[in-house]
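K.L.:
Following this message is one structure expressed as structure tokens.
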Amino acid sequence: SNPEFTVHLKRDVQADVEARAIEISDRDRRSKVLYRILTESWDNEPAKAEHILPRWVESAPLVEFELA
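Under the numbering used here, the first residue of the sequence shown is numbered 673, with each subsequent residue one higher.
Right, here's the structure in full:
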């Protein structure tokens, strides 16, 4: 797959910005980011998030992107 893509800003700022996806492969960082996703974005209770977190760290695709 190609890590290069374009972010299309469409609200207050309208622009097309070049970006690059970077895989997050460090297990500790993956764990911290995925825990926040599971609890803050998906509203899982902390105990449930901790229970399912190892499976997510092991198998979920996770990238960050940097703007060019």
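Note that beta-carbon positions come from the ideal geometry of N, C-alpha and C, so glycine has one too.
Excluding five sequence neighbours on each side, which residues of the same chain lie with their C-beta closer than 7 Å to the C-beta of R699?
P.N.:
Closer than 7 Å at the Cβ level, and outside the excluded window around R699, lie V729.
K.L.:
Go to E736, then tell me how far its beta strand (DSSP E) extends in each direction, as first and last residue.
P.N.:
V735 to L739
K.L.:
Cα-Cα, which of S673, H723 and I694 is closest to F737?
P.N.:
Nearest option by C-alpha distance: I694.
K.L.:
Output needed for L739: all residues of its chain with C-beta closer than 8 Å, excluding positions within five of it in sequence on either side, in chain order.
P.N.:
V679, V689, E690 and A691
K.L.:
In terms of alpha-carbon separation, which member of Y707, S673 and E712 lies closest to R727?
P.N.:
Y707
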